[in-house]
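Undergrad: From first to last, the protein sequence lines are chains A and B.
Note that our numbering has the first sequence beginning at 2, numbered continuously upward.
Note that our numbering has the second sequence beginning at 2, numbered continuously upward.
Please find one structure pasted underneath; my questions will follow.
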Amino acid sequence: ETGVTQTPRHLVMGMTNKKSLKCEQHLGHNAMYWYKQSAKKPLELMFVYNFKEQTENNSVPSRFSPECPNSSHLFLHLHTLQPEDSALYLCASSQSGGRTDTRYFGPGTRLTVL
Amino acid sequence: KQEVTQIPAALSVPEGENLVLNCSFTDSAIYNLQWFRQDPGKGLTSLLLIQSSQREQTSGRLNASLDKSSGRSTLYIAASQPGDSATYLCAVPTSGTYKYIFGTGTRLKVLA
């Protein structure tokens, strides 16, 4: 596997379910990100991890819980979501999280909350 | 507060045309600007990153320019092909370290 991978690619869940999204980067980067992309809205940054430490939580509701066990893996744990949380969730990585770093994105997980 | 706007929102052109996509930003104090491509239902692919000290960057048939003073960037695509059909997004970092502000994108369709 190369680049940034995400699983699952598609997920349908009920509001009472608990599920997790997984992201893995094979680029040797130190920073990882979760973004949310809703229809007709700009990409929204959710969380940033730099060297496994969370450096930004962009006012995300607590029903989204990130976890970064090491620099290569990032999870997004989901529980008691709402239908408006349905979106494409994109993971990205960069060398160090700096302003000049190119972000490399995964293919995304298309989430539908019923 | 930085805002990024992309015009047009959608564009359809016949194959072979040269075209220009526009990106505007309100705060000219940027470190760089990045152009991405997104295929339907997929993640983003980085196309070009222009540092604030540069005026343009080229990659194959793509050329991106940056005019910080006017708060504008353009992405020029030469001799468009159906495979260029995608949504093109521009993004600029905020004054903070990690946060990129994205435009809503231009959805391009190149007709064979």
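We put the beta carbon where it would ideally sit given N, CA and C, even for glycine.
Since we're looking at a predicted model, the values are computed, not measured.
Is any beta-carbon of chain A found at less than 8 Å from that of residue 35 of chain B?
TA: Your numbering for residue 35 of chain B matches position 34 in the second sequence. Answer yes: the Cβ-Cβ gap between residue 35 of chain B and chain A drops below 8 Å somewhere.
Undergrad: Mind checking which residues open and close the beta strand (DSSP E) that includes residue 64 of chain B?
TA: Position 63 of the second sequence, counted from the first residue, corresponds to residue 64 of chain B. First-last of the beta strand (DSSP E) with residue 64 of chain B: 63 to 68.
Undergrad: Just the chain A side, please: which residues come within less than 7 Å of residue 103 of chain B by C-beta, in chain order?
TA: Counted from its first residue, the second sequence places residue 103 of chain B at position 102. By Cβ distance, chain A contributes 43 and 44.
Undergrad: Counting only the same chain and skipping the five closest in sequence on each side, list residues whose C-beta sits under 7 Å from that of residue 18 of chain B.
TA: Within the second sequence, the letter at position 17 stands for residue 18 of chain B. Only 81 meet the Cβ criterion.
Undergrad: Does the CB of residue 100 of chain B have a neighbour CB from chain A at under 8 Å?
TA: For the purposes of this step, residue 100 of chain B is identified with residue 99 of the second sequence, where counting begins at 1. Closer than 8 Å: yes.
Undergrad: Any C-beta of chain A within less than 8 Å: which residues of the region 38 to 59 of chain B qualify?
TA: If the cut-off is 8 Å between Cβ atoms, the region 38 to 59 of chain B has 42, 43, 44, 45, 46, 47, 50 and 52 near chain A.
Undergrad: State yes or no: is the beta carbon of residue 108 of chain A nearer than 8 Å to at least one beta carbon in chain B?
TA: The count along the first sequence starts at 1 and reaches residue 108 of chain A at position 107. Chain B, which has a Cβ nearer than 8 Å to the Cβ of residue 108 of chain A, makes this yes.
Undergrad: Output the distance between the C-alpha atoms of residue 86 of chain B and residue 11 of chain B, rounded to the nearest integer angstrom.
TA: Position 85 of the second sequence, counting from 1, holds the residue named residue 86 of chain B. Position 10 of the second sequence, counting from 1, holds the residue named residue 11 of chain B. Distance between the alpha carbons of residue 86 of chain B and residue 11 of chain B is about 11 Å.
Undergrad: Counting only Cβ-Cβ distances shorter than 9 Å, please list the residues of the region 74 to 91 of chain A near chain B, keeping chain order.
TA: Listed by position along the chain: 89 and 91.
Undergrad: If the criterion is Cβ atoms closer than 8 Å, does the pair residue 58 of chain B and residue 49 of chain B meet it?
TA: Within the second sequence, the letter at position 57 stands for residue 58 of chain B. Within the second sequence, the letter at position 48 stands for residue 49 of chain B. Yes, the pair counts as a contact, with Cβ atoms nearer than the cut-off.
Undergrad: With DSSP as the reference, label residue 108 of chain A as helix, strand or coil.
TA: Your numbering for residue 108 of chain A matches position 107 in the first sequence. If DSSP states are grouped into helix, strand and coil, residue 108 of chain A belongs with coil.
Undergrad: If contact means a Cβ-Cβ distance below 8 Å, which residues of the region 48 to 77 of chain A contact chain B?
TA: Residues 49, 51, 56, 57 and 59.
Undergrad: Would residue 29 of chain B pass as a contact of residue 70 of chain B if the rule is Cβ separation under 8 Å?
TA: Translated into the one-based positions of the second sequence, residue 29 of chain B becomes position 28. Translated into the one-based positions of the second sequence, residue 70 of chain B becomes position 69. Yes. Within cutoff.
Undergrad: Show which residues of chain B have a CB atom less than 9 Å away from the CB atom of residue 3 of chain A.
TA: Along the first sequence, one-based indexing puts residue 3 of chain A at 2. Per Cβ cutoff of 9 Å: no residues; residue 3 of chain A is ~13 Å from chain B at best.
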